[in-house]
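Chains as they are written, first to last, in the working numbering: chain A, 21 to 227; chain B, 21 to 227; chain C, 21 to 227; chain D, 21 to 227.
C-beta atoms are modelled at their ideal positions from N, C-alpha and C, and glycine is treated no differently.
For clarity, every value in this text was computed on a predicted model and none was experimentally measured.
In what follows, a structure is listed as structure tokens, so that the remarks can point back to it.
There are 4 protein chains.
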Amino acid sequence: MTRRLTARGQRRRQELVEFAADQFASKGYHPTSVADIVDGLGVGKGVFYWYFESKEELFRQILAEAQRDLRRVQRHAIADEPDPVRRIEAGIGASVEWLDRNRRLFVLLEFARTEERFAPLIRMGEEQAVADALPHVKAGIDAGLIRREDPLVLTQAILGVTGHLARVLVLEEGRPAAEAARAAAAFCLEGVLSPASARRRLAREAD
Amino acid sequence: MTRRLTARGQRRRQELVEFAADQFASKGYHPTSVADIVDGLGVGKGVFYWYFESKEELFRQILAEAQRDLRRVQRHAIADEPDPVRRIEAGIGASVEWLDRNRRLFVLLEFARTEERFAPLIRMGEEQAVADALPHVKAGIDAGLIRREDPLVLTQAILGVTGHLARVLVLEEGRPAAEAARAAAAFCLEGVLSPASARRRLAREAD
Amino acid sequence: MTRRLTARGQRRRQELVEFAADQFASKGYHPTSVADIVDGLGVGKGVFYWYFESKEELFRQILAEAQRDLRRVQRHAIADEPDPVRRIEAGIGASVEWLDRNRRLFVLLEFARTEERFAPLIRMGEEQAVADALPHVKAGIDAGLIRREDPLVLTQAILGVTGHLARVLVLEEGRPAAEAARAAAAFCLEGVLSPASARRRLAREAD
Amino acid sequence: MTRRLTARGQRRRQELVEFAADQFASKGYHPTSVADIVDGLGVGKGVFYWYFESKEELFRQILAEAQRDLRRVQRHAIADEPDPVRRIEAGIGASVEWLDRNRRLFVLLEFARTEERFAPLIRMGEEQAVADALPHVKAGIDAGLIRREDPLVLTQAILGVTGHLARVLVLEEGRPAAEAARAAAAFCLEGVLSPASARRRLAREAD
DNA sequence: TATGAATGAGCATTCATTCAT
DNA sequence: GATGAATGAATGCTCATTCAT
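Printed below as a string of structure tokens:
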């Protein structure tokens, strides 16, 4: 495969990717047939197989592109920010925004995790995401800004909060991405304790 | 349906539920056929349709039982605990432990969210989970132990951290559930900031 | 596969084998679709895949059964015949008769030789046939009845004449099998030379 | 069709014929797609349909050319040979050699026989081959060199031995064509009987 | 209760052929 | 002459479900 495509071919391919992602996201990967996709675009079945080796390969490409794109956006968001904590906040913001603007892909990434064939792709992508975020957490620890705890665990927790709040607040409840990002960042930085309670706890730990 | 079953029938049914859940979790719901299930148990196809109206109905029952069971465990864990923050910690611990002991079901719940037909079930279950946890967060706020923020957001954030750390640390990295639970609880209570940084922030906010 | 079949199942399977062999032989293996077969029998498509793993597997089974049957017939024909030359004649006769009664299978064996996937099966069967006939040729040589030449070549030549005359005389021209068998045997034993010519040749060789 | 081709066109066409024959012979006619052929040559699909009306027509042309070529070679081999028996031997030799040098085509001829659409072509070619050889056999009979038997049967038997030994000895076992030709000729002339046995048989028949 | 057999719509994929450029 | 793109009927196969026993 990996055909050399003309401009027209590029456009067709993109149409297919986009329409398929929509269908996969709304009906599920399995319940969406290749026929659904080509019929939806009003083209013959051969078109699909001209551009993709199989339904599965198309799905993998959608996943890979999604992960690539999210990563690109995150990197861009935190560039030129000297404070590591601010970098983390910026990353959270970029992620929530991306998930908001690419709801379809969010669902697909979650589905992919549930099937043996695709799970490795997702895990690799997630490891990449952790590897991307880890240095900033470590820098925060070194700068005395972040608690001296396993940075990997902290990073994962941040990713967990961000993903979950994005889904629930933005996708399900329809709140603005910025609000969810703010809430996620605040939670990640300070947790749930009240200032008084936190102070008491800090004092206790100082003993 | 809802047949009256003999003791032997009960056992058969349970075998089917368990084996199907295993297969669904490892291969995916769609890639697992009814034939896979009955062949795996060495029984005829009629057996399946004696106990379940359809593959879909079986799956719904698995999901419902899973949600019921998780809820039961959480309730039990936090009973008799007067401190609301401690109740939250106990709930996190119980959840992580349950997810550890029921990995299959965890995956199934995540898959179910990705398909129109099953998503409502999951959303209902999650709303229930939030509704269960919410009072404790509110109690914490009222007692001045927890920050005066939208309790629904805080609750969701807690669920997000808990689920994600359980998956990553326990299921994927194989760490003990207790450790993941401790990490999740700590993160939820205090966030990532170092004591010094937190103090500074608190001081700033006090202005 | 290799399902345990009830009597009814056995009958169904046989119907499929027979009808498919007919179709394969008259239209060709590839031009015969599974749909042709099941439609021809007025059954659903699932029936086919209940009894056979694939179209290819069915074809292999037809080939294997054909070779097994031909071999059985040949063995039976030459049993209890003390003279090796007579045994060869009997074998030729049995082969021609079988090919006459199983024209379909004859064509299928020939087709199978032309496709990489099936050729090994045919070659194995043919080696078996040679191995079966060889001892008789050797015995003929040892008894001074047959020329002292490479017995393998002689055996192959006999098989070649037999197969070809069976096809041309019996299948294509419709002559009786017995006649073709007689012609084949005569040719194999004496060749084409006239008595006078043969005598001269023998004399010359004796020098 | 029958396009007037430039020199370059002639070469292109020949490339297609040759490559297709190779693929048909090794993978089979049906399993070889037009795409396989044009991709294998690195040209577009239009090229194929510029030179051939269809895949089937291409195959027919390959078959026709093969038969024409074999016939040409045989005729050439037996020219200027006054002895009819020697002519037959020469024909056998030429055939085996041709089959050796054109293995691909041998397989294709055999396949063609197994499919309704192509079988008539093959049968016509074979009848031609018989018609070509028949006069020599008849001449042998008239000259008292060959047994007074149905010359058609004798001719067919010769063709059968030749084809089979060429396939088995030369194509499958890799022996030299000349050796197979010698064996085939010897078998055709004298059969399998030993001189002594033949003499006895001749004596008996003289009664 | 349970089984083997059967159904048939549906699926992913192939492929000979055509077409616009 | 040649290419990439498109067509769409047809193919081998799957599978949830039903049925006769």
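For residue i, write down the residues that DSSP places opposite it in a beta bridge.
i	result
ILE166 (chain D)	C:LEU213
If you check the beta carbons only, do residue i and residue j fall under 8 Å apart?
i	j	result
ARG168 (chain D)	ILE178 (chain D)	no
SER126 (chain C)	LEU191 (chain C)	Note on identity: in this sequence residue 126 (chain C) is Phe, with Ser being the wrong assignment. Against a cut-off of 8 Å, the Cβ pair of LEU191 (chain C) and PHE126 (chain C) comes out as a contact.
PRO104 (chain B)	LEU165 (chain B)	yes
PHE79 (chain B)	GLY60 (chain B)	no
GLY211 (chain C)	GLU210 (chain D)	yes
PHE138 (chain D)	PHE131 (chain C)	no
PHE44 (chain B)	VAL58 (chain B)	no
THR182 (chain B)	VAL116 (chain B)	yes
ALA203 (chain B)	LEU185 (chain B)	yes
ARG107 (chain D)	HIS50 (chain D)	no
TRP118 (chain A)	LEU90 (chain A)	yes
LEU128 (chain A)	ALA41 (chain A)	yes
ARG24 (chain A)	TYR71 (chain A)	no
GLN176 (chain C)	VAL188 (chain D)	yes
VAL54 (chain B)	LYS65 (chain B)	yes
ALA218 (chain A)	ALA218 (chain B)	yes
Just to confirm the assignment, what range does the alpha helix (DSSP H) spanning residue i have?
i	result
LEU189 (chain B)	Element bounds for LEU189 (chain B): n/a, residue is neither H nor E.
PHE39 (chain B)	27-47
SER115 (chain C)	104-121
PHE236 (chain A)	In this structure chain A extends from 21 to 227, so residue 236 (chain A) is not present and cannot be described.
DSSP state of residue i, grouped into three classes?
i	result
TYR69 (chain B)	helix
PRO51 (chain B)	coil
ALA99 (chain C)	coil
GLY60 (chain C)	helix
ARG88 (chain A)	helix
PRO171 (chain D)	helix
PRO196 (chain B)	coil
THR22 (chain C)	coil
Look at the alpha carbon of residue i and the alpha carbon of residue j, and state the distance between them as a whole number of angstroms.
i	j	result
GLU35 (chain D)	GLU85 (chain D)	15 Å
ALA205 (chain D)	GLY113 (chain D)	8 Å
LEU154 (chain A)	GLU147 (chain A)	10 Å
GLU136 (chain B)	GLU76 (chain B)	13 Å
ARG220 (chain C)	ALA163 (chain D)	14 Å
LYS158 (chain A)	PRO102 (chain A)	14 Å
LEU213 (chain A)	PRO171 (chain A)	21 Å
ILE98 (chain C)	GLY111 (chain C)	6 Å
GLN10 (chain D)	VAL150 (chain C)	Examination of residue 10 (chain D) is not possible in this model, given that chain D is present from 21 through 227 alone.
THR52 (chain A)	GLU73 (chain C)	27 Å
PRO196 (chain C)	HIS96 (chain C)	21 Å
THR22 (chain A)	GLY29 (chain A)	12 Å
ASP152 (chain B)	ARG121 (chain B)	21 Å
ALA223 (chain B)	GLU109 (chain A)	20 Å
ARG31 (chain D)	VAL63 (chain D)	14 Å
ALA27 (chain D)	THR134 (chain C)	34 Å
ARG123 (chain D)	ALA201 (chain D)	15 Å
PHE207 (chain D)	PHE207 (chain C)	9 Å
ASP56 (chain D)	GLY194 (chain A)	52 Å
GLY145 (chain C)	GLY145 (chain A)	53 Å
ARG143 (chain A)	VAL37 (chain A)	22 Å
ASP100 (chain D)	ASP100 (chain C)	51 Å
GLU225 (chain C)	GLU225 (chain D)	22 Å
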